[in-house]
Amino acid sequence: MTEKELICVNCPMGCRLTVTMEGKEVLSVKGNTCPRGEAYARQECVQPMRILTSTVRINNGTHRVLPVITEKEIPLELMEQAMAEVREITVDAPVEVDTVILENIAGTGVNLIASRSMKHA
Amino acid sequence: MRHYQAVIIGGGSAGLSAAVTLKENGIEDIVVLEKDCEPGGILEQCIHNGFGLQTFKEQLSGPAYAERYVKMAEKLNVDIRLNTMVTELHPDKTVRYISSAEGDVTISADAIILAVGCYERARGAINIMGTRPAGIYTAGQAQRYLNIEGYMVGKKVFILGSGDIGLIMARRMTLEGAKVYGVAEIMPYSNGLPRNIRQCLEDFNIPLYLSHTVTRTFGKDRLEKIELMQVDEKMNPIPGTEQYFDVDTLLLSVGLIPENHLAEEAGIRMDPAIRGPKVDDSYMTETEGIFACGNGLHVHDLVDFVSLQAKRAAEGAARYLKEKKDRGTPLAVKPGENVSYMVPSCVHPEDANANVEFFFRVRKPMDKAVVEIRSGETLLRTMNRKKLMPSEMERVILTAKEIAALKEDVTISMREVTEE
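Chains A and B, in that order, give the protein sequences. Its first residue numbered 0, the first sequence is counted upward by one per residue in numbering that gives the first Met the number 0. Its first residue numbered 0, the second sequence is counted upward by one per residue in numbering that gives the first Met the number 0.
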């Protein structure tokens, strides 16, 4: 059995997690204050997953760029590929928060959505 | 002169939460004065996730978190004046503001809530030697350029200071195609949240240089090079440890300071430990009817606590407006051993109407510590805490019953527990 110390990245609480592992199998997770912490620790030991946030260009919006976010975590190793897709996108104002901006980013099955509403300038 | 029940200065996370809470408590005649072209404050440029887990039980981006509050405020018909800059605040609760829509206006109120946010420490405050070329920005300034204006400030980046904005910008610039050579922190420990060290630096193999600082900048028109040096325990650079990085951009993430010019000019008593106004358990400053909350009071690391504190301040203001009663003699609540500040800084035992949350920071990292709450010499309560960092704000709650029973000043300290 091995013990691994992790810091939960779900929210700024940054809970310190202790994961007990047997080979590649997670036996227990301690130190989390919510169920997300346990799920994070189990996933982190297998394949780290992260939310991606960025911006895309927007035509006729109140600002020049629109912030976007993945609906769910995507594999950390696919960040670069995902960003290459994000850079190609331009949308038109107005946009409502949570509107899907790109489906199935980097082939992950996860959608990229608007993380705010933006009016026509 | 137009008179309001309450004026809120600032339409960011604190101001919006305060406005919503005032309306919910039946204070209808209010106005929010916001200098930007939209409400939301600094949240609008914080496009990363991690906001709202306490408040909404969801992980939101900064703009999405702000939008929730903006919608609540709209539903309650909160009057938010945009592009409106407050230029003067007076202890008689008059406020002068300027906007292109209204011109130069003075208004008065029965209560004022300061929700003014904070500003970034800049290069001048930390005295870096060398030339003054383009390419040196505070991290938040670069964040605004990138996330709102859509403008990348550079391609080869070094970051001084391990504050959260610096760490978040390290990841953001990397994702946008810049090369981030490292983050230097003068202290032997990071000033950012541990989760940000993990997901912003380690995820992208960006080195963190602890006990290091940038000692010189080079370049005529644009930054060309920086000098990095290791420092000793007294934070003095150690000769012979010079390293050079060819970078075109230096971001500074070296601390935030409450925006306290208005409060100072109004003669409101400040607490030097937080660099914001001194407040009581209702978040009233020592100037009657003027309240303060959020990053303009003391710098927070979670927006959820900013919203919560602003709610408490607005509840305090609503109660003040409705009752205007004498709350009796206050007792001080002071930071003790290993605690750098305490907010709020006093309670009213004769008017203990609710539980009170106290916000504070530890002075140094500690593995294990015991929170000791004392009234005079009497130990009231202890709590065990683990893995404490100055970058993570701590909270303890005193119940209304505990406060009502107080006879002497309170001290909250953190006794370090060292294992043999």
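Virtual Cβ for every residue (Gly too), placed ideally from N, Cα, C. Bear in mind that the values here come from a model prediction, so they are computed numbers and not experimental data.
Does the CB of residue i have a neighbour CB from chain A at under 8 Å?
i        : result
B/Ala63  : yes
B/Glu356 : no
B/Lys386 : yes
B/Glu418 : no
B/Asn204 : no
B/Asn420 : Outside the displayed span of chain B (0 to 419) sits residue 420 of chain B, for which this structure offers no information.
B/Glu66  : yes
B/His297 : no
B/Leu397 : no
By the DSSP assignment, the beta strand (DSSP E) with residue i in it spans what residues?
i        : result
B/Lys304 : Reading off the sequence shown, one finds Phe at residue 304 of chain B, where the question assumed Lys. Taken as a continuous stretch (DSSP letters only), B/Phe304 belongs to no beta strand (DSSP E), being part of the alpha helix (DSSP H) at 302-322.
A/Glu24  : 24-29
A/Glu21  : 15-21
B/Ala133 : No beta strand (DSSP E) holds B/Ala133; DSSP gives it neither H nor E.
B/Ile402 : Where B/Ile402 is concerned, there is no enclosing beta strand (DSSP E), although the alpha helix (DSSP H) it sits in stretches over 399-403.
B/Glu349 : Premise fails: B/Glu349 is in no beta strand (DSSP E) and is neither H nor E.
B/Leu42  : Per DSSP, B/Leu42 belongs to no beta strand (DSSP E) and is neither H nor E.
B/Leu159 : 155-159
B/Leu255 : 255-257
Tell me whether residue i sits in a helix, a strand or coil according to DSSP, three-state version.
i        : result
B/Asp325 : coil
B/Cys199 : helix
B/Ser16  : helix
B/Ala444 : Because chain B is modelled from 0 through 419, residue 444 of chain B falls outside the range shown and cannot be assessed.
B/Leu249 : strand
B/Arg120 : coil
B/Gln242 : strand
A/Lys118 : coil
B/Pro364 : coil
B/Pro236 : strand
B/Asp103 : strand
B/Val442 : Nothing about residue 442 of chain B can be read from this structure; chain B reaches only from 0 to 419.
B/Glu226 : strand
B/Ala138 : helix
B/Asp231 : coil
B/Ile7   : strand
A/Leu75  : helix
B/Leu145 : helix
A/Ala113 : strand
B/Arg394 : strand
A/Asn58  : strand
B/Lys194 : Here the sequence assigns Arg to residue 194 of chain B, which means Lys is not the residue at that position. If DSSP states are grouped into helix, strand and coil, B/Arg194 belongs with the helices.
B/Tyr180 : strand
A/Pro66  : strand
What is the residue span of the alpha helix (DSSP H) that residue i lies within?
i        : result
B/Glu264 : 260-264
A/Glu87  : Taken as a continuous stretch (DSSP letters only), A/Glu87 belongs to no alpha helix (DSSP H), as it is neither H nor E.
B/Thr417 : Note, B/Thr417: premise wrong, no alpha helix (DSSP H); not H, not E.
B/Arg171 : 163-174
A/Gly36  : 34-43
For chain B, is any of its Cβ atoms less than 8 Å away from the one on residue i?
i        : result
A/Leu75  : yes
A/His119 : no
A/Val8   : yes
A/Gly13  : yes
A/Ile104 : no
A/Ser116 : yes
A/Met82  : yes
A/Met78  : yes
A/Lys96  : First, the amino acid is wrong: residue 96 of chain A is Val here, not Lys. Chain B, which has a Cβ nearer than 8 Å to the Cβ of A/Val96, makes this yes.
A/Ile100 : no
A/Pro34  : no
A/Ile88  : no
A/Val109 : no
A/Pro66  : yes
* To do: State whether the region 337-353 of chain B contacts the region 274-285 of chain B, with contact taken as three or more CB pairs (one from each stretch) at a distance under 8 Å.
  => yes
Within 9 Å of chain A by C-beta, residues of the region 184-199 of chain B in sequence order: Leu192, Pro193, Arg194, Asn195, Ile196, Arg197, Gln198
Positions along the region 138-154 of chain B whose CB lies within less than 9 Å of some CB in chain A = Leu145, Asn146, Ile147, Glu148, Gly149, Tyr150
Contacting positions in the region 36-61 of chain A - beta carbon closer than 8 Å to chain B: Pro47, Arg49, Ile50, Leu51, Thr52, Ser53, Thr54, Arg56, Thr61
- contact_flag[the region 125-133 of chain B, the region 212-230 of chain B] where n(CB pairs < 8 Å) is 3 or more: yes
If you measure beta-carbon to beta-carbon, which residues of the region 160-176 of chain B are closer than 7 Å to chain A?
Leu174
Practice prompt. Flag this pair as touching only if the region 284-304 of chain B and the region 47-63 of chain B have three or more C-beta atom pairs under 8 Å; answer yes or no.
Written response: yes
>> For the region 306-318 of chain B, list every residue whose C-beta sits within 8 Å of some C-beta in chain A, in sequence order.
In response: none
For the structure I just gave you, are there three or more beta carbon pairs, one from the region 245-262 of chain B and one from the region 118-131 of chain B, closer than 8 Å? yes
| message | Output needed in chain order: residues of the region 47-62 of chain B with a Cβ under 7 Å from some Cβ in chain A. | response | His47, Asn48, Gly49, Leu52, Gln58, Ser60, Pro62
Exercise for the section: Indicate whether the contact test is met: 3 or more Cβ pairs, each with one atom in the region 230-244 of chain B and one in the region 137-150 of chain B, closer than 8 Å. Expected result: no
Under 8 Å: do the region 251-268 of chain B and the region 59-67 of chain B share three or more Cβ pairs, one atom per stretch? no
Do the region 318-337 of chain B and the region 32-49 of chain B make contact, defined as three or more Cβ pairs closer than 8 Å? no
*asked:* Below 8 Å, how does it come out for the region 61-78 of chain A and the region 31-49 of chain A: are there three or more Cβ pairs, yes or no?
replied: yes
Note to self: So, does the region 111-119 of chain A touch the region 13-27 of chain B, judging by three or more C-beta pairs under 8 Å?
What the structure shows: no
- Message: For the pair the region 16-28 of chain A and the region 54-68 of chain A, tell me if three or more CB-CB distances fall below 8 Å.
- Response: no
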